[in-house]
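The next block holds one structure in the form of structure tokens; read it before the comments.
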Amino acid sequence: MNVLGGAIQTRHLDAWLQCKRQGKTASCVVLDRSSSRFITTGRYTSFAALRFALPARLDLLPCRARSSKRSYQSCRRCGYDRETLPHILQHCRQFSAPAYQARHDAVQGRLETVMRRRFPNLRVNRALPEIGSNKRPDLVVVDEEARSVILLDVAIVFENFTFSAVNRSKMLVRESSVWRLFGGTIKRSQ
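For the sequence shown, the numbering used here begins at 1 and goes up steadily by one.
As structure tokens, this is what we get:
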């Protein structure tokens with residue numbers, strides 16, 4: 001029965017990936033099981049959030065630019081040319097700036113809670129005084145004895161951006177800080 005169920009799921013996923021709109025989210029969802037875990041477990045999710053999240057995952061929310069028949073596709077809040085779901089959730093400064101910051105802070109808070117148990121010397125949103133930089137990574141653990149640093153920067157991504165693309169851009173900024181702190185080589189975690 002599992003083989004048959006797996007074959008049906010694969011067939012549905014292939015059909016979903018072929019759809020014009022759903023392919024964007026599917027490419028990120030299939031990377032890891034935890035990307036859609038909120039649907040099956042419901043952890044950290046209210047019913048109101050689920051009523052929004054499921055249509056948003058499928059790009060079914062009523063945005064002006066979703067229909068090509070409309071002559072007016074501009075954003076209702078900021079006047080941007082096209083009111084698309086990525087624009088509303090990520091780019092619209094009138095609408096999404098407070099929500100974007102709240103999502104970032106919620107994820108950072110959960111990571112902080114988990115990391116505090118293992119690393120009591122966790123630094124949250126503070127500059128590294130050892131190197132004289134004003135940059136403030138979200139979460140930092142410095143282990144002087146092992147000469148290692150754990151830098152975590154939370155990134156809330158949308159559209160086609162995968163973790164590796166965001167990670168590459170953030171690592172370029174952080175590598176120089178770690179180099180100045182300890183010198184030597186830098187190991188990247190995958």
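Using N, Cα and C, we set each Cβ at its ideal position, and we do this for glycine too.
Within 10 angstroms of the Cβ of residue i, are there 16 or more other Cβ atoms? Answer buried if so, exposed if not.
{"i": "L50", "result": "exposed"}
{"i": "P55", "result": "exposed"}
{"i": "L60", "result": "exposed"}
{"i": "P137", "result": "buried"}
{"i": "A7", "result": "exposed"}
{"i": "V149", "result": "buried"}
With DSSP collapsed to three states, give me the class of residue i.
{"i": "V154", "result": "coil"}
{"i": "L85", "result": "helix"}
{"i": "R51", "result": "helix"}
{"i": "R57", "result": "helix"}
{"i": "R77", "result": "coil"}
{"i": "R123", "result": "strand"}
For residue i and residue j, I'd like the C-alpha separation in whole angstroms.
{"i": "F119", "j": "C75", "result": "44 Å"}
{"i": "V3", "j": "V141", "result": "44 Å"}
{"i": "K135", "j": "A106", "result": "21 Å"}
{"i": "R103", "j": "L89", "result": "11 Å"}
{"i": "A127", "j": "Q101", "result": "19 Å"}
Tell me where the beta strand (DSSP E) around residue i begins and ends.
{"i": "L139", "result": "L139 to D143"}
Between residue i and chain D, is any beta-carbon pair separated by less than 8 Å?
{"i": "A127", "result": "No chain D is present in this structure, which holds just one protein chain."}
What residue range does the alpha helix (DSSP H) around residue i cover?
{"i": "R110", "result": "A97 to R118"}
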